[in-house]
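S.K.:
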Amino acid sequence: MTLFDVYPLNNITITNAKGSYVWDQEGVQYLDMYGGHAVISIGHTHQHWVKRIEDQLEKIAFYSNSVVIPIQKELALKLGRLSGKEDYQLFLCNSGAEANENALKLASFYNGRKKIIAFSKSFHGRTSLAVAATDNPAIVAPVNETDNVIFLPFNDEAALKACFAEYGKEISSVIIEGIQGVGGINIANESFLQLIRSLCDEHGAVYIADSVQCGYGRSGRFFAHDFAGVTADIYTMAKGMGNGFPVAGILIAPKIQPKHGMLGTTFGGNQLACAAALAVLEVMEEERLIENAKTNGAYLMEQLKAIPELKNVRGRGLMIGFDLPEELKDLKKKLLFDFKVFTGEAKPNVIRLLPSLALSKKQADEFLASLTEAIDELKSKQNV
Ligand SMILES: Cc1ncc(COP(=O)(O)O)c(C=O)c1O
């Protein structure tokens, strides 16, 4: 049997990982400024995370949601406290797409409506509704196509007001990333999020904060949407939640009442996933990783802004992007193969930095040194 070939691969096999570094099968060390696509929150193979998963595995890995699972309640309590959303309810699932799928569906159950507002360059996942609300026709299959999703320009307040004026009571939910990830690190304006909040209140729509990539402390606040000073009705979470263990969830405002059978999943909230998620929160708290993301992210961004070749350096905390001029279009590959540094990208020419929230200043400096050297080499090659 062969693998279904859907991923463009770098010819590298990673066999070990620790903190902000990974090693290939020849023992070559790489600095991980990509975090396996924003997934590594507390650092690769963190001791506490490994131990908590091992201990749980010795007791029980899985039993279905037909019995009481106390570790789910433990996770909900801790998550409520660290995110500042103590009065919200937690529903656990397994991936970012599934979290968004459940959020959109729940919103529709709540207000009995069908229309969803999403924005240009959005990415919400690859399942049915999540992909329909994703602004990339190339990944939407004919069966996913629907008239229920309205795409508006990102951060365009006039367009949002006009849409609510036209469709008013038909709108079920508005879904937005606090910082667009796949779209290229675009920050939702605080006034735009405030407007979403007030229009949703006025029209009975549900505000869904897709925090799958920008959430879980990455921005320097627990949710990137928090910068706007208003709360969403549903927050979706995944990537950083398990530090690589597949676990996801949605936080649901108290006004949305549950009903048996409304949502459900076989694997979501299993004991092992909850242990991994608790370990992440315990380390985030103990090692003050949100503060670290804020401080070292600000430092990194300031240093990047001083590099004249990099355009439009932007982001928050340890979610940073910058545009590359045409002459540096090979920078990502050069960093990976010549300087052994993983970074992320966004089309057409954006580099995305999504390292572990535990990235140290020394590691930030190590990255900056590699980056400036790689830029110099690319430039001098073009000048010969
Ligand atoms: C903002 C956002 N939402 C949803 C998803 C989908 O998450 P998953 O790949 O876990 O389904 C992603 C994945 O990149 C994402 O960045």
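In this text, residue positions in the sequence shown follow the working numbering: the first is -14, and each later residue adds one. Just so it is clear, CB atoms sit at the ideal spot from N, CA and C, and this is done for glycine as well.
Specify whether the stretch 290 to 298 and the stretch 233 to 253 touch according to this definition: at least 3 beta carbon pairs, one from each stretch, less than 8 Å apart.
M.R.: These segments do not touch.
S.K.: How should Gln57 be labelled, buried or exposed, when 16 other C-beta atoms within 10 angstroms of its C-beta is the threshold for buried?
M.R.: Stepping through the sequence shown from its first residue, residue 57 is reached at position 72. That one is buried.
S.K.: Cutting at 8 Å between CB atoms, please list the residues of its own chain near Met226, excluding the five before and the five after it.
M.R.: Taking the sequence shown and counting its residues from 1, one reaches residue 226 at position 241. Hits under 8 Å: Ser26, Tyr201, Val232, Ala233, Gly234, Ala262 and Val265.
S.K.: Give me the Cβ distance between Arg98 and Ile156, rounded to the nearest whole Å; I'm assuming they're in contact under 8 Å.
M.R.: Taking the first residue of the sequence shown as 1, we reach residue 98 at position 113. Taking the first residue of the sequence shown as 1, we reach residue 156 at position 171. Confirmed, Cβ separation roughly 6 Å.
S.K.: Could you tell me which whole alpha helix (DSSP H) segments of length 4 or greater appear in the stretch 137 to 174?
M.R.: Entirely contained in the stretch 137 to 174, the alpha helix (DSSP H) runs reaching 4 residues are, in chain order, 142 to 152.
S.K.: In angstroms with no decimal places, state the Cα-to-Cα distance between Ile193 and Glu39.
M.R.: Counted from its first residue, the sequence shown places residue 193 at position 208. Counted from its first residue, the sequence shown places residue 39 at position 54. Between Ile193 and Glu39, the C-alpha separation is close to 35 Å.
S.K.: Over the uninterrupted alpha helix (DSSP H) stretch that includes Gly65, give me the two end residues.
M.R.: Here residue 65 is taken as the residue at index 80 of the sequence shown, counted from 1. Run containing Gly65: Pro55 to Ser68, per the alpha helix (DSSP H) assignment.
S.K.: When DSSP builds the beta bridges, which residues end up paired with Asp218?
M.R.: As a first step, residue 218 must be located in the sequence shown, where it is residue number 233. DSSP lists no partner for Asp218.
S.K.: Flag this pair as yes or no: are the beta carbons of Val197 and Ala92 separated by less than 8 Å?
M.R.: Locating residue 197 in the sequence shown gives position 212, counting from the first residue. Locating residue 92 in the sequence shown gives position 107, counting from the first residue. No. Outside cutoff.
S.K.: Between the beta-carbon of Gly20 and the beta-carbon of Leu339, is there less than 8 Å?
M.R.: For this step, residue 20 is matched to residue 35 along the sequence shown. For this step, residue 339 is matched to residue 354 along the sequence shown. Yes, these two residues count as a Cβ contact at 8 Å.
S.K.: Please list, in chain order, all residues of the same chain as Ser113 whose beta carbon is under 6 Å from its beta carbon, the five residues on each side excluded.
M.R.: The residue you call residue 113 lines up with position 128 of the sequence shown. If we look at Ser113 and ignore the five residues flanking it on each side, its Cβ neighbours are Asn129.
S.K.: Just to confirm, are Met18 and Phe352 a CB contact at a threshold of 8 Å?
M.R.: Locating residue 18 in the sequence shown gives position 33, where the first residue counts as 1. Locating residue 352 in the sequence shown gives position 367, where the first residue counts as 1. Cβ distance < 8 Å, so Met18 and Phe352 count as in contact.
S.K.: Starting from the Cα of Val125, find the closest Cα among Leu137, Pro138, Ser107 and Asn50 and give me that residue.
M.R.: Along the sequence shown, one-based indexing puts residue 125 at 140. Looking at the Cα atoms, Ser107 is the closest of the given residues.
S.K.: Once DSSP output is grouped into helix, strand and coil, what is the label at His29?
M.R.: Taking the sequence shown and counting its residues from 1, the one referred to as residue 29 is at position 44. Three-state result, His29: strand.
S.K.: In three-state terms, what does DSSP make of Thr357?
M.R.: For the purposes of this step, residue 357 is taken as the residue at position 372 of the sequence shown. The answer is helix: DSSP assigns Thr357 an H, G or I state.
S.K.: Answer with buried or exposed for Gln367, where buried requires no fewer than 16 other C-beta atoms within 10 angstroms of its C-beta.
M.R.: Taking the first residue of the sequence shown as position 1, residue 367 is located at position 382. The residue is exposed, with fewer than 16 neighbouring Cβ atoms inside 10 Å.
S.K.: Under 7 Å: does the beta carbon of Asn171 sit that close to some heavy atom of ligand 1?
M.R.: Numbered from 1 along the sequence shown, position 186 holds the residue referred to as residue 171. Asn171 Cβ: outside cutoff for every heavy atom of ligand 1.
S.K.: Mind checking whether the beta-carbon of His109 lies closer than 7 Å to any heavy atom of ligand 1?
M.R.: Counting from 1 along the sequence shown, the entry for residue 109 is found at position 124. For ligand 1, at least one heavy atom lies less than 7 Å from the Cβ of His109.
S.K.: Output needed for Lys70: all residues of its chain with C-beta closer than 6 Å, excluding positions within five of it in sequence on either side, in chain order.
M.R.: Sequence index remark: in the sequence shown, residue 70 carries index 85 (1-based). Taken in chain order, the residues that qualify are Leu236.
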